[in-house]
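Numbering (our numbering), first residue to last: 1 to 75.
We treat Cβ as the ideally placed atom computed from N, Cα and C, and that holds for glycine.
From a predicted model like this one, the values you see are computed outputs, not experimental measurements.
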């Protein structure tokens, strides 16, 4: 490992890392997906799981839908 790689995250002008606010888990082998919100106080921290043909539409829209429904935003 080089010291250059270790310093890259501290480079001036680089955007600060954003905290992880959720996770989308997709199992393509068994064709299922779920979303977990990590925001403090979330009233619905887990969405899913969904199975089969519903997985694609779930993956495409769950973050936006969850944030709009439970947190009043889409970001």
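Handout entry: DSSP-derived helix/strand/coil call for residue 38
Key = Position 38 of the chain shown holds residue 38. The DSSP-derived three-state label of residue 38 is coil.
Practice task
Return helix, strand or coil for residue 19, following the three-state DSSP convention.
Solution key: By 1-based counting over the chain shown, the position of residue 19 is 19. DSSP places residue 19 in coil when its eight states are reduced to three.
Practice task
Please check if any C-beta of chain D sits within less than 8 Å of the C-beta of residue 38.
Solution key: Included in the structure is just one protein chain, with no chain D present.
Practice task
Compute every distance between the C-beta of residue 26 and the non-hydrogen atoms of the ligand ATP, then say whether any falls below 7 Å.
Solution key: For the structure depicted, the ligand ATP is absent and the ligand set is empty, with no information on it obtainable.
Practice task
Name the residue from 35, 28, 27 whose alpha carbon lies nearest to the alpha carbon of residue 21.
Solution key: Position 21 of the chain shown holds residue 21. Here the closest residue by C-alpha is 35.
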